[in-house]
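Respectively, the protein sequence lines represent chains R and Z. Oh and the first sequence: position 61 is 45 in the numbering used here, straight run, nothing missing. Count along the second sequence from 1, add 11, and you get the number used in the numbering used here.
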Amino acid sequence: MEPFLISMMIAATPFLFAGMGELVAERSGVLNLGVEGMMLMGAVAAFAVSWSTGNSMLAIMTGAIAGGLMALIFCVIALSLLANQAATGLALTIFGVGASGLIGQNFVGEALEPLQKLTIPVMSDSTMLGRVLFAHDGMVYLALVMAAAVAWFLSLSRAGLELRAVGDSHTSAHALGLPVIRIRYAATIFGGAMAGLGGAYLSLAYTPLWGENMTNGRGWIALALVVFATWRPWRLVAGAYLFATVTQLQFYGQNWGWPIPAQFLAMAPYLATVVALVIISRDISLTKANAPACIGQPFRAER
Amino acid sequence: MILLEPREQPSRLLAVLSPVVAIGLMLFAGGIMLAAMGQPPLQALYVYFFQPVHELWFYLVRPEERAMWIYTPSEVLVKAIPLALIGAGLTICFRANVWNIGAAGQYTLGAIFGGAAALYGPEGSPWLTLPLYLAAGAFGGLLWAAIPAFLRTRFNANEILVSLMLTYVATLLLDWLVRGPWKSPTSFGFPVSADFTDSYLLPVLVQGTRLHLGLILAIVIAVALAVMMARTLRGFRVRVIGAAPRAGAFAGFSQSGTIWFVLLLSGGLAGLAGAIEVSATIGKLQPEISASYGFTAIIVAFLGRLNPAGALLGALILAISYIGGENAQILLKLPKNVTGIFQGMLLFFLLACDTLIRYRIRWTSAAAGAA
C-alpha cells in the first residue's frame, strides 16, 4: 500500500500543474484545448536543458517558458485575431506533438538522474505517513503551493476578482475599464507556463527520460479535471488525486494479481474521465454555477 | 495600432484566398525552420510540396513515360482517400458547432468492426462480402460516435473531451485484440491478425499502383454531402443550429437531433475510412493503422472551408505533405515529425488568415487606439 500512496502523490503532480493553469485561463473566459501540446513542449524543453546542462532548476524554468510561449501563439491567433478557440487549441496540440518530437529526436532513449528528493529530517522517515507525504522532490510541493496560491488569488485578491469578471462578462468588464484582452493574455500564458511545468515534471521526475507523446493524454485529462472541479481550485486538487489513483491502478492492478488484461487497466483513466464528466455535467446547477459565462467567446473592443 | 473592423458581409473572395495565403505563409515559415535545421530551404521545400505535384505533371504531359511517373501521384491519392472521407464528415460536424475530435477512435473502431467481418464473415463473391465489410466498418465508427452523442444530449457532457478520451480507449482495444483473441497463430509472435482473404480486399483501380475503390467512394460521398448541405432541409438545419442555435430553436429545429445526426454521420464516415484503409493498404489488423489521420482530417476540414466537397481538395493538399514528408525522410534524412509541424503551422496560419474574411484591418494612430 505504501508504494501505491507514494506513487499517487507523484502521479497527481502533472495533473495539478496543468489543471490549475487551465483553470485560471478558463476563469478568464479562454478555452485553450492546447494543453497536451503545451505539456509536451514543456517536457521536451526541460529534458533538453537538464540533459545538456545538468541544472534542474534551469530545466524547470525552461519548461515553464516553453509552455508559456506556446500559449502566446494561442493568444495571438485566438485572442487578438479572434479565431475560433477550439480550433486554435487543436492546432496548438498538433503543432506541439510535431515540434516536441522533432526537438526530442536526439534524446529518445536517453535517461536523466531523477530530480533530487527533498527530505525533511525526522518527518520523512519515521512513519509511513511521513514517507508518503514528506519524501518527494521539490516540484511535488511546488504544485501544491501553486494550487494554494491560485485558490487565494482567485477568491481573495483584487486582480483575481478582475480576472473572474472578465471571464463572466467581458462586455461589462470592458465597460468598467478593465483591459479584457491583456488580462486574458496573462491568464492564458500563466496556464501555458503551468502546463509546461506539468510536462517538465513528467520528463524530469516522473519518468526521467524523453519519449514521443509521453504525456499520453494527460493534457486532455487536465482539461476534463477543470470541468470535474466545476472551475474551483480546491476541488481540482481533490480531482487530481482521484485521477492519479485511477492512473496508478494500471501499474499496481497487475502486481495485485487482478485478472484483467493490461490494456483494459490502461483504459481506466480515460474511462474514468468520461464517467466523471457525465456525473458532473448531468447536474446543470453544478456546472452553471461556476462556469465562466463567456468561456470560449471571442472579444473585440467596440471602442 | 491595428484595429479589426467587422465587414458588413463576410468576404467570399477572401474565404477562397485565405487557404492560398496560409499555404504561402506556411512555406515561408517552414523554409526558415528548415534553414535553421541546416537544410537548403528551397530544395527541401521542393521535396516536401512540389516534387509530388511535379511528378503528376510529368505523368500528364509525357504519355510515353506514364509507367515511370504514376507511382507518386497514385500514392498521394491513396493517402487522400481516408483524409477526405473523415474530413468531409468533420466539415458537417464543425458546421453544426459540434466538435468531434475523436475521429481517430471512430476510425479505429471501423477497422475493428471491418476486421471482425473479414476474419469471421462468410467467403464468397466480393459483391456480397465487400458491402458487408464496409457496412461493418461504418457501423463501428457510428457506434463509437454514438457514445459522445448520447452523453452530450442526455447528460450535457462535453463531446470534445468524451470523443477524445474514447480515442485512447479504441487504440487500447485494438492493441488487446491483435495481441490477444485475434492474434494470428502463424504470426511468429508479432501482434497481427490473420491476413484478410481476397473477398475482403478492396479492388485496385489502376494496375501497378495501390489506388483502390475507396477513391470513387470518397468522391461520391463528399459530393453527395455537399449537395445535402447546400440543397436540403437537413443541411439547412445543420447550418442554422451551428450558426444561431436560438434561431434554430424558434424555427422548431431540434438541437439534440442535429447533434446526433452530425456525430453519427462523421463517426460512420471515419469508421468507413478505417475499414477501407486497413483492407486496401494493410490487409490485416495491427496495432498501428495510421489512426492519426483522424486528427489531420481536422485540418482538412478547415482547409476545405468546412464544405464537404472542399474537403477533397484539402485532403489532396495534406496528402501531398505526407508523401513529401516520406520523400524527405529518405532523400534528406529529415525526421517524420517535420510533417506534423508543417500541418500544425498550416492550421495556425489558416485560422489567422480567416480573420480577414469577417474583419478588415484598419490602421489607426496610437493615440486613437489607446482611447
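Using N, Cα and C, we set each Cβ at its ideal position, and we do this for glycine too. From a predicted model like this one, the values you see are computed outputs, not experimental measurements.
{"Item": "Is the beta carbon of R/Leu181 less than 8 Å from the beta carbon of R/Gly47?", "Value": "yes"}
{"Item": "Comparing the CB of R/Val33 with every heavy atom of the ligand NAP, is any distance shorter than 7 Å?", "Value": "In terms of ligand content, the structure shown is empty, and the ligand NAP therefore cannot be addressed."}
{"Item": "Thinking R/Ile57 and R/Leu76 are a contact (beta carbons under 8 Å), I'd like their distance in whole angstroms, please.", "Value": "7 Å"}
{"Item": "Counting only beta-carbon separations shorter than 8 Å, does R/Cys278 have a partner in chain Z?", "Value": "no"}
{"Item": "For Z/Leu275, which residues from the same chain have a beta carbon less than 7 Å from its beta carbon, with the 5 sequence-adjacent residues on both sides left out?", "Value": "Leu153, Ala156, Ala157 and Ala160"}
{"Item": "Below 8 Å on C-beta distance, what does Z/Tyr118 contact in chain R?", "Value": "Near Z/Tyr118 there are no residues of chain R at all, since even the closest Cβ is about 16 Å away, more than 8 Å."}
{"Item": "Would you mind giving the Cβ-Cβ distance between R/Pro245 and Z/Trp187, rounded to the nearest angstrom? I have them listed as a contact below 8 Å.", "Value": "5 Å"}
{"Item": "Find the residues of chain Z that neighbour R/Thr257, judging by a C-beta separation of less than 8 Å, and give them in chain order.", "Value": "Leu172 and Met176"}
{"Item": "Does the beta carbon of R/Ser265 come closer than 8 Å to any beta carbon on chain Z?", "Value": "yes"}
{"Item": "As an exercise, report each continuous alpha helix (DSSP H) stretch of at least 4 residues that is fully enclosed by the region 70 to 127 of chain Z, in chain order.", "Value": "77 to 80 and 82 to 106"}
{"Item": "Could you check what DSSP says for Z/Ile13 in three-state terms: helix, strand or coil?", "Value": "strand"}
{"Item": "Given this structure, state the Cα-to-Cα distance separating R/Ala184 from R/Val28, to the nearest angstrom.", "Value": "7 Å"}
{"Item": "Would a check of beta-carbon distances place Z/Ala381 closer than 8 Å to chain R?", "Value": "Only weak support exists for where Z/Ala381 lies, its pLDDT of 44 falling under 50; the value from the coordinates is given anyway. Chain R, which has no Cβ nearer than 8 Å to the Cβ of Z/Ala381, makes this no."}
{"Item": "DSSP state of R/Val116, grouped into three classes?", "Value": "helix"}
{"Item": "Quick check on Z/Gln354 - is its C-beta less than 8 Å from some C-beta in chain R?", "Value": "yes"}
{"Item": "For Z/Cys104, which residues of its own chain have a beta-carbon under 6 Å away from its beta-carbon, when the five flanking residues on both sides are left out?", "Value": "Asn111, Val273 and Ser277"}
{"Item": "Which of helix, strand or coil does DSSP assign to R/Asp121?", "Value": "strand"}
{"Item": "Checking 8 Å against the spacing of the C-beta atoms, do R/Val134 and R/Val262 come in under that value?", "Value": "no"}
{"Item": "Quick check on the burial criterion: 16 or more other C-beta atoms within 10 angstroms. Buried or exposed for Z/His223?", "Value": "buried"}
{"Item": "I'd like to know if Z/Tyr179 contacts chain R, where contact means its C-beta is closer than 8 Å to some C-beta of that chain.", "Value": "yes"}
{"Item": "Out of curiosity, what's the CA-to-CA distance linking Z/Ser174 and Z/Glu75?", "Value": "49 Å"}
{"Item": "Determine the direct distance from the alpha carbon of Z/Leu96 to that of Z/Ala122, and round the result to whole angstroms.", "Value": "14 Å"}
{"Item": "For R/Asn90, count the other beta carbons within 10 Å of its own beta carbon; 16 or more makes it buried, fewer makes it exposed. Which is it?", "Value": "exposed"}
{"Item": "Can you list, in chain order, the residues of its chain whose CB lies under 6 Å from that of Z/Ala382, leaving out five sequence neighbours each side?", "Value": "Only weak support exists for where Z/Ala382 lies, its pLDDT of 38 falling under 50; the value from the coordinates is given anyway. Around Z/Ala382: no qualifying Cβ."}
{"Item": "Apart from the five residues just before and just after R/Thr231, which ones in its own chain have a Cβ nearer than 6 Å to its Cβ?", "Value": "Ala(-5) and Pro253"}
{"Item": "Return helix, strand or coil for Z/Leu213, following the three-state DSSP convention.", "Value": "coil"}
{"Item": "Give the residues from the region 63 to 80 of chain R that approach chain Z closer than 9 Å (Cβ to any Cβ), ordered along the chain.", "Value": "Ser64, Leu65, Leu66, Ala67, Asn68, Ala70, Ala71, Thr72, Leu74, Ala75, Leu76, Thr77, Ile78, Phe79 and Gly80"}
{"Item": "What is the rounded straight-line gap between the Cα of Z/Ala379 and the Cα of R/Leu65?", "Value": "Any reading at Z/Ala379 must be qualified, since the residue scores a pLDDT of 47, below 50, and its modelled position is unreliable; no value is offered."}
{"Item": "Quick one: what does DSSP say Z/Ala381 is sitting in, helix, strand or coil?", "Value": "In this prediction, Z/Ala381 has a pLDDT of 44, which is less than 50 and means its spatial position is unreliable; what the coordinates show is noted afterwards. The answer is helix: DSSP assigns Z/Ala381 an H, G or I state."}
{"Item": "Closest to Z/Phe201 by CA distance: which of Z/Tyr370, Z/Asp209, Z/Ser210 and Z/Gly191 is it?", "Value": "Z/Gly191"}
{"Item": "Less than 8 Å between the beta carbons of R/Gly3 and R/Pro276, yes or no?", "Value": "no"}
{"Item": "Going along the chain, which residues of the region 214 to 241 of chain R sit with their C-beta nearer than 9 Å to a C-beta in chain Z?", "Value": "none"}
{"Item": "Where does R/Ile49 sit, in a helix, a strand or coil, going by DSSP?", "Value": "helix"}
{"Item": "So, helix, strand or coil for Z/Arg18, using DSSP?", "Value": "coil"}
{"Item": "Which one of Z/Ala55, Z/Ala46, Z/Ser22 and Z/Ile13 has the shortest CA to CA distance from Z/Met340?", "Value": "It is worth fixing the name first, because residue 340 of chain Z is Gln in this sequence and not Met. Z/Gln340 has its Cα closest to that of Z/Ala55, out of Z/Ala55, Z/Ala46, Z/Ser22 and Z/Ile13."}
{"Item": "Using 8 Å for Cβ pairs, my map puts R/Val92 next to R/Gly195. What's the rounded Cβ distance?", "Value": "7 Å"}
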